[in-house]
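Numbering (the numbering used here), first residue to last: 142 to 501.
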């Protein structure tokens, strides 16, 4: 070993000593915050989405490299997750089973130090948070190639829960198996949506393989872990859980395929400085009614990033609209627009203002 490398490694060791000390100093401050909240009986509000978003944004703005902002985000998620666990264990429900992309989204958003709780349906995730069996829930709401997740949107018509955050992740499909090579694969399991998203790769690389539908990619991974000469299309998280080899990575036809998830909770979120607001509205089935309902957005310079329609469960040919708006409900322009929409709408429901997804 050269003397130069030896000196560099000694410097790294010294820096690691400093980093470890600073980590523990930060953790001690988290303990002090928990003690103060205990005095004021506010321990149930130990997780603050707006505060976490502000911390991440500030650190990324200070970052001068060579680490990318994406790497900084991952590091600080884990630091904050570990520190938060010293205040109280954060319980998060998600659409399971173990190994789904929803679990990956929950981990990316909250870090690894949470108590993650799989549920078998979107409705069960909502129920878990409503009954306070968990502090927050994570549910899918939209895929960039497959569209909206109707069951999630429909639940907001039944539930009083609020949106506390959003998560966006790239969907990277992998071939998982007990085998060491794809050459011996005779059967492959996956959710039908994943088969369609990986059609070109499968036709080129596994044209003679029997394709078997499963309820989820996580279930597919579980089956593949028990069967000979089989494989699954699933996430890297599923590979870890079911002890499978990743034989081929990122086999999706569209490498920009992403899914958006919502974090649901039972309290309002304060402004973070970069927020979205979601509302549900409905109007009479009259000519120009929707235009009139949305006109206040243009009037008050509020950007609408998404609108989705769902049939009303109450009246034929009547639709409910889900709107995503830029800004927080406490922003004066958005508040004015929202109040005017509320006056015109036959139905109005505020779903929450929350920090916009921070991925890089």
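Don't be surprised by glycine CBs; every beta carbon is placed ideally from N, CA and C.
In angstroms, rounded to a whole number, what distance separates the CA positions of residue 315 and residue 363?
Start at 1 with the first residue of the chain shown, and residue 315 comes out as number 174. Start at 1 with the first residue of the chain shown, and residue 363 comes out as number 222. So the two alpha carbons sit approximately 14 Å from each other.
Give the DSSP bridge partners of residue 448, in chain order.
Taking the chain shown and counting its residues from 1, the one referred to as residue 448 is at position 307. Note: residue 448 sits in a beta bridge opposite 464.
Looking only at its own chain, which residues have a Cβ that is under 6 Å from the Cβ of residue 342, when we skip the five neighbours before and after it?
Along the chain shown, read from residue 1 onward, the residue named residue 342 stands at position 201. Cβ neighbours of residue 342 beyond the five flanking positions: 392.
With distances taken Cα to Cα, identify the nearest neighbour of residue 348 among 437, 323, 236.
As a first step, residue 348 is located in the chain shown; it is residue number 207 there, counting from the start. Ranking the options by Cα distance to residue 348, first place goes to 323.
On the DSSP bridge assignment, give the partners of residue 257 in chain order.
Numbered from 1 along the chain shown, position 116 holds the residue referred to as residue 257. Note: residue 257 sits in a beta bridge opposite 233.
Is residue 410 buried or exposed, if buried means 16 or more other CB atoms sit within 10 Å of its CB?
Position 269 of the chain shown, counted from the first residue, corresponds to residue 410. That one is buried.
Distance, residue 208 Cα to residue 154 Cα
In the chain shown, counting from the first residue as 1, residue 154 sits at position 13. In the chain shown, counting from the first residue as 1, residue 208 sits at position 67. Whole-angstrom Cα-Cα distance: 19 Å.
Output the distance between the C-alpha atoms of residue 437 and residue 451, rounded to the nearest integer angstrom.
The count along the chain shown starts at 1 and reaches residue 437 at position 296. The count along the chain shown starts at 1 and reaches residue 451 at position 310. So the two alpha carbons sit approximately 22 Å from each other.
In whole angstroms, what separates the C-alpha of residue 264 from that of residue 159?
Here residue 264 is taken as the residue at index 123 of the chain shown, counted from 1. Here residue 159 is taken as the residue at index 18 of the chain shown, counted from 1. Rounded to the nearest angstrom, the two C-alpha atoms are 46 Å apart.
Between which two residues does the alpha helix (DSSP H) harbouring residue 365 extend?
Position 224 of the chain shown, counting from 1, holds the residue named residue 365. Element bounds for residue 365: 358-367.
Where the beta strand (DSSP E) through residue 313 begins and ends:
Against the chain shown, residue 313 aligns to sequence position 172. Note, residue 313: premise wrong, no beta strand (DSSP E); not H, not E.
Buried versus exposed, by CB contacts within 10 Å (16 or more), residue 202:
To locate residue 202, count along the chain shown from 1; it is residue 61. It counts as exposed.
For residue 375 and residue 236, the rounded distance between their alpha carbons
For the purposes of this step, residue 236 is identified with residue 95 of the chain shown, where counting begins at 1. For the purposes of this step, residue 375 is identified with residue 234 of the chain shown, where counting begins at 1. Using only the alpha carbons, I get a separation of about 15 Å.
If you reduce the DSSP assignment to three classes, tell me which class residue 490 lands in.
If you number the chain shown from 1, residue 490 lands on position 349. Strand.
Consult DSSP for residue 395 and reduce its assignment to one of helix, strand or coil.
Translated into the one-based positions of the chain shown, residue 395 becomes position 254. Here residue 395 sits in coil by DSSP.
Given this structure, state the Cα-to-Cα distance separating residue 360 from residue 293, to the nearest angstrom.
As a working mapping, residue 360 is identified with position 219 in the chain shown. As a working mapping, residue 293 is identified with position 152 in the chain shown. Rounded to the nearest angstrom, the two C-alpha atoms are 21 Å apart.
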